[in-house]
Amino acid sequence: MSILVAEHLKKYYGEGETLVKALDDVSLQVERGEFLSIIGTSGSGKSTLLHMLGGLDNPTAGKVIIDDKDISNLKGDELCIFRRRKIGFIFQSFNLVPSISVYENIILPLQLDGKKVDKEFVENVIETLGLGNKLDRIPSKLSGGQQQRVAIARALASKPAIILADEPTGNLDSKTSQDVLGLLKTTGKKFDQTIVMITHNDEIAQMADRTIRIEDGHIV
Amino acid sequence: MLDDAQNGTFFESSYDETKLSRLESRWKEFLETSVLSNRNLEAERHRLEQFISDISHQTKTPMTNIRMYTELLNEEVNKLSEKENEEATVDRIKKYAQEIGRQNERLEFLIDSLTKLSRLESGTLEVVAASSPVNELVKKAVSAVKPKADKKKISFMTADAEGDISITASFDMKWTLEALINVLDNAVKYSPEGGRVEVQLSETEMYAAVHVIDEGPGISEEDATRVFGRFFRGSDVQQADGVGIGLYLAREILSKEDGYIKVISNEKRKGGEFILYLRK
Chain A
969 MSILVAEHLK KYYGEGETLV KALDDVSLQV ERGEFLSIIG TSGSGKSTLL HMLGGLDNPT
1029 AGKVIIDDKD ISNLKGDELC IFRRRKIGFI FQSFNLVPSI SVYENIILPL QLDGKKVDKE
1089 FVENVIETLG LGNKLDRIPS KLSGGQQQRV AIARALASKP AIILADEPTG NLDSKTSQDV
1149 LGLLKTTGKK FDQTIVMITH NDEIAQMADR TIRIEDGHIV
Chain B
10 MLDDAQNGTF FESSYDETKL SRLESRWKEF LETSVLSNRN LEAERHRLEQ FISDISHQTK
70 TPMTNIRMYT ELLNEEVNKL SEKENEEATV DRIKKYAQEI GRQNERLEFL IDSLTKLSRL
130 ESGTLEVVAA SSPVNELVKK AVSAVKPKAD KKKISFMTAD AEGDISITAS FDMKWTLEAL
190 INVLDNAVKY SPEGGRVEVQ LSETEMYAAV HVIDEGPGIS EEDATRVFGR FFRGSDVQQA
250 DGVGIGLYLA REILSKEDGY IKVISNEKRK GGEFILYLRK
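Order-wise, the sequence lines are chains A and B.
The opening position of the first sequence corresponds to residue 969 in my numbering, with each subsequent residue numbered one higher.
The opening position of the second sequence corresponds to residue 10 in my numbering, with each subsequent residue numbered one higher.
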């Protein structure tokens, strides 16, 4: 059963002569628990696609259905709340809150939602990501790879319907990238978490169960 | 809120998260979990069906071959009693007998792997990760494949990529040995006669890595994502011996101990390279 469905997604910018078709009729399905990678060069439309899938931007036409809910027409606060509950994001630039501890960062989305922290689950996530002895530190005291591991923990902690990762190793050296990708893969399987990852790198894409290639706004 | 919406008096700005909406969302979560467990059962049943059909398909080829060679063998033996061309007949008999032996081995390996796999998947045998030295794992695995390698005059080169420090990781010695032997076995199988197989160690903050590098044809980019699938055979190696379960088993074992396995495709390097990542 598909946890995420995109139907005939289009995103056009400008009009007439300056019309740019960033996404042109893209359809895809992601099954529960699957690790999908979307690969493409810069300007291929892969980031635009991720923004549509994550409700960060509205498509010109088409539908995005996450966990049986069509999010393409949600707006403002409604969309914001849906995102917080259903989607975990991992960005290239980690995006941790600098002034609070690692642990506080991990449970922040849960607290914003007024949800009770599932302590056993969160501890298991922390242990699996090897962050047990770093919980009291603030993010700037951690290496890039460690910060990205915190971001993975934060995304997992709220048990979202889907995790979207945008070039998660873009700012990391190759050894650290291997750690982050390995952990993303193993935690995905361990916690039955659906993951969609955007990358421009074939070797990184290979970590996924399935790969989709996008070029000029089309799936090829 | 719903009433507001029906009356057309609902404004987006007044959409707030009341306790009711939170209750709704919790309730939906609960319902989903029960639907999910049903779905899991269904998926499990489907997996089992697939597994059984895979097995019957995979056992058929060696069985058919054995039957065919047995028939040929019988024909030749009959000829022998006619005392015609005795020498050529004996040669053929030898060849057929060898072929039967080979198919038998293949079948044995398949059934052995399947038994292990089913025990692993059903949880009859558990993978218990414990802190162990990676050097020891490599040493044991290499000595297990040595006889096969010697037959093809293939030499092993084992070296720590980063000096002689002994790396430890958290893994199940017995099962991981099984996984590494499968990978080494492939390296030997696809290496040319007289080739060399390198085993190197490296480590990152989270993983100890065992690299197995051979001088064989390697794995194409296209096959790289599929090579760990059950009963997958590379398009270039359809004719070679093998049943396509070794790497699948290796992947299953590693994932049970929070590790993973990957392949470097042959666009990136000459020959094949598999890397086993063991969680530290």
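The beta-carbon is built from N, C-alpha and C at its ideal position, and this holds for glycine as well.
All values reported here derive from a predicted model rather than from experimental measurement.
Residue burial is scored here from C-beta neighbours: residue 156(B) has fewer than 16 other C-beta atoms within 10 angstroms and is therefore classed as exposed. DSSP places residue 223(B) within a strand segment (E or B) once states are collapsed to three.
For residue 109(B), the enclosing alpha helix (DSSP H) has its first and last residue at 95-131.
Boundaries of the beta strand (DSSP E) harbouring residue 142(B): 139-142, taken from the DSSP string.
The beta carbon of residue 230(B) sits closer than 7 Å to the beta carbons of 274, 276 from its chain, once the five residues preceding and following it are set aside; these are given in chain order.
In this structure, residue 1031(A) sits away from residue 1078(A), with a CB-CB distance that is not shorter than 9 Å. Annotated as proximal: residue 1173(A) and residue 1007(A), with beta-carbon spacing under 9 Å. By the CB criterion at 9 Å, residue 972(A) and residue 1129(A) fall inside the cutoff. Taking a contact as a CB-CB distance under 8 Å, the pair residue 1003(A) and residue 1109(A) does not count as one, their CB atoms being some 30 Å apart. Per DSSP, residue 1099(A) lies in no beta strand (DSSP E) and is assigned neither H nor E.
The residues 228, 243, 256, 272, in chain order, have a CB closer than 8 Å to that of residue 236(B) in the same chain once the five nearest residues on each side in sequence are set aside.
Boundaries of the alpha helix (DSSP H) around residue 1072(A): 1070-1080.
The C-beta distance from residue 180(B) to residue 138(B) rounds to 5 Å, short enough to fall under 8 Å. Inter-residue distance for residue 1178(A) and residue 60(B) is about 21 Å (C-alpha atoms, whole angstroms). With respect to the 9 Å criterion, residue 96(B) and residue 161(B) are not classified as neighbours on the basis of their beta carbons.
For residue 285(B), DSSP records a beta bridge to 219(B), 270(B). CA-to-CA, the gap between residue 1184(A) and residue 990(A) works out to about 7 Å. Non-local beta-carbon contacts of residue 1055(A) in its own chain, meaning distances under 8 Å to residues more than five positions away in sequence, involve 1022, 1023, 1034, 1128, 1129, 1130, 1131, 1132 in chain order.
CA-to-CA, the gap between residue 266(B) and residue 288(B) works out to about 7 Å. Residue pairing by DSSP places residue 180(B) opposite 139(B) in a beta bridge. Contact between the segment 978-985 of chain A and the segment 1037-1051 of chain A is absent, with fewer than three C-beta pairs closer than 8 Å. Counting along the chain, the unbroken beta strand (DSSP E) around residue 989(A) starts and ends at 988-999. DSSP lists 1166(A) as the beta-bridge partner residues of residue 1134(A). Closest in C-alpha terms to residue 1171(A), from the list 284(B), 260(B), 190(B), comes 284(B). At a cut-off of 9 Å between C-beta atoms, residue 1108(A) does not count as an interface residue with respect to chain B. Per DSSP, residue 229(B) lies in no beta strand (DSSP E) and is assigned neither H nor E.
Under the three-state reduction of DSSP output, residue 161(B) falls in the coil class, being neither helix nor strand. Flagged as an interface residue toward chain B: residue 1175(A), by a C-beta distance shorter than 9 Å. Around residue 216(B), the beta-carbon contacts reaching into chain A at under 8 Å are 1146, 1147, 1150.
With fewer than three CB-CB distances shorter than 8 Å, the segment 138-149 of chain B does not count as touching the segment 99-119 of chain B. Cβ-Cβ distances below 6 Å link residue 1181(A) to 1007, 1188 in the same chain, with the five nearest sequence neighbours on each side left out; the list follows chain order.
Against chain A, a Cβ distance below 8 Å from residue 267(B) picks out 1096, 1154, 1158. Nearest to residue 1052(A) by alpha-carbon distance, out of 1139(A), 1126(A), 969(A), is 1126(A).
Per DSSP, the unbroken beta strand (DSSP E) holding residue 1030(A) starts and ends at 1029-1034. Taking C-beta atoms under 8 Å as the contact rule, residue 1098(A) and residue 1117(A) qualify, at a distance of about 7 Å. With a threshold of 9 Å between beta carbons, residue 986(A) makes no contact with chain B.
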